[in-house]
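One structure is given here, and the rest of the page talks about it.
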Amino acid sequence: MSELGPLDSGFMELEDSDQHVNAGIGAVAILDGNPGTRAEFSARMAERIGVNPRLRQKLRRARWDLSAPQWVDDPHFDLGHHLRWAALPQPCDERTLWEMVATVMEQRLDRDYPLWHCTIVEHLADDRWALIVTAHHSMLDGISGISLFRRLCDPNPDTPVPSHHEPDGGGDGGWDWRTMLADGLRLPIQAPAALLRTVRAAAPLAWNAIVPESGSSLTGPIGRQRRYTVARVSLAQVKRIGAAFDVTVNDVALAAVTAAFRAMLLARNEEPDAETVRILAPVSVRTTGADGMLDNRVSAMLPQLPIQLDDPVDQLRSVHARMSEHKASGEAGAANSILSLARWVPFAPLAWAVRTALRFPQHSIAGLATNVPGPTRTLRMHGREVLEILPYAPIAMRLRTSIAVLSYRDHLGFGITGDYDTTPDLDLLADTITTTIDRLLDRCP
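In this text, residue positions in the sequence shown follow the numbering used here: the first is 5, and each later residue adds one.
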């Protein structure tokens with residue numbers, strides 16, 4: 005057994021606070037050929053389930069939430085609860101696939117069972133099929149999710165697969181009493197300075213999170229239904245842009261997102277001013293070698309996107325400057341320190357405080373944008389080549405749009421999620437992302 009950390013538990017509270025929210029994250033893999041028969045697919049998946057014990061564990065909550073929820077083995081684990089087969093209606097194209105992805109991701113995972121699910125989608129056009137993999141955000145983040153997907157694929161002889169007996173990051177295995185003793189002796193000396201640094205860095209983060217920005221249609225109540233679409237760009241082209249303007253791949257992706265939000269607001273006859281779009285940008289704090297641990301190891305920054313600018317190069321340079329400023333401020337480190345300190349707080353008051361905070365509607369953050377590095381080599385599943393992997397990020401807390409970016413081989417995929425009723429213009433976001441990359445390429449020296 006192992007307990008959920010504060011952030012892991014927070015995703016459970018997020019879902020419990022709003023009946024319209026599904027806190028599941030996912031990946032959509034498009035593969036060539038066909039998945040084979042149900043019996044063949046199920047047998048192969050049963051072989052791969054042993055990659056991590058978490059896949060056979062479910063959540064057990066304490067009475068009155070006096071202690072943190074725990075992962076416990078499901079004594080009646082049945083793979084059949086986690087596999088669903090579906091086929092696309094005519095014309096079996098990608099638009100119908102995106103509609104199915106939205107429908108699948110609207111549905112909450114059943115907490116009576118381990119919190120993951122696979123939907124096998126047959127008969128995608130051009131001799132392809134798809135696999136929609138869903139897991140609750142309390143179980144994993146983007147980095148660990150992609151690591152899990154890789155380990156569900158066929159083993160690569162050149163890539164060692166971690167043993168499924170390794171610690172999963174939630175228990176107390178592997179504690180070094182000497183290190184703990186040394187840390188305890190240093191704590192009275194180091195704690196005051198560390199606390200002061202954390203407070204200084206966290207103050208702007210807290211201010212940005214609670215102070216309302218100028219209103220727009222990007223925030224507001226959401227319903228239960230979702231829309232989903234995808235934008236694809238060449239990773240080589242994005243790297244070329246980054247090298248030409250001395251910025252990162254993430255900067256280029258955020259500049260394209262900036263242009264997309266600007267286009268959406270203009271199409272809605274709203275003025276894209278400098279304070280309209282502040283986004284939640286998760287930042288991984290996962291250490292090397294911990295990518296297979298199924299938990300959440302992320303912090304966050306809250307940058308404003310320069311949507312008041314029209315020129316894509318100006319947007320790119322401004323995004324780079326703003327992200328550099330946020331990184332230098334220690335904002336992400338402060339948020340991570342707060343989460344670390346929260347582990348020492350009794351669970352019950354922490355859970356009650358989170359629930360109370362979630363009852364108050366937020367007006368500051370207009371969207372989510374997250375970037376996850378994916379596999380660089382071609383993956384295969386049950387002998388079929390994985391042609392693409394596209395990400396899905398949920399929406400919640402009045403954020404009506406989320407954009408997840410995932411690299412795979414030589415492409416970046418932008419998975420765009422929106423509230424069904426209030427974001428009917430997701431295709432505009434996708435089209436603007438691709439055209440912005442083209443415009444930046446044309447401006448490369």
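Cβ atoms here follow ideal geometry from the backbone N, Cα and C, with glycine treated the same way.
key: Rounded Cβ spacing between PRO461 and LYS62 (contact assumed at less than 8 Å)   = The shown model of the chain, from 5 to 449, leaves out residue 461, and the question about it has no answer.
query = Roughly how many angstroms lie between the CA atoms of ASN300 and PHE81, to the nearest whole one?
reply = 24 Å
request  = Could you check if THR123 is buried or exposed, using at least 16 other CB atoms within 10 Å of its CB as the buried criterion?
outcome  = buried
task = Assign LEU101 to one of three DSSP states: helix, strand, or coil.
result = helix
task = Could you tell me which residues DSSP puts in a beta bridge with PHE364?
result = DSSP lists no partner for PHE364.
query = Between the beta-carbon of TYR412 and the beta-carbon of PRO365, is there less than 8 Å?
reply = no
key: Own chain residues within Cβ distance below 7 Å of TYR424, not counting five before or after   = GLY227, GLN229, ARG230 and ARG231
message = Please state whether the Cβ-Cβ distance between GLY30 and VAL125 is less than 8 Å.
response = no
Beta-carbon proximity list for THR436, same chain, < 7 Å, skipping 5 on both sides = ALA263, ALA264 and ALA267
ask   = DSSP three-state call for ILE407: helix, strand or coil?
value = strand
request  = With DSSP collapsed to three states, give me the class of ILE147.
outcome  = helix
query = Since CYS122 sits in a beta bridge, which residues does DSSP pair it with?
reply = LEU87 and VAL137
ask   = Can you tell me the Cα-Cα spacing of SER303 and VAL287, whole angstroms?
value = 5 Å
ask   = I think GLY371 touches ILE283, with their Cβ atoms under 8 Å apart; what is that distance to the nearest whole Å?
value = 5 Å
Cβ-based burial, TRP89 [other Cβ within 10 Å; buried from 16] = exposed
message = Report the CB separation of PHE153 from HIS386 in whole angstroms; it is logged as a contact under 8 Å.
response = Their Cβ separation, rounded to whole angstroms, is 13 Å, which puts PHE153 and HIS386 out of contact at 8 Å.
ask   = Does DSSP put MET401 in a helix, a strand or coil?
value = coil
message = With distance defined between alpha-carbon atoms, name the residue in MET143, LEU135 and GLY419 nearest to PRO73.
response = MET143
key: Ordered list of alpha helix (DSSP H) runs contained in the segment 206-277, each at least 4 residues   = 239-249 and 253-271
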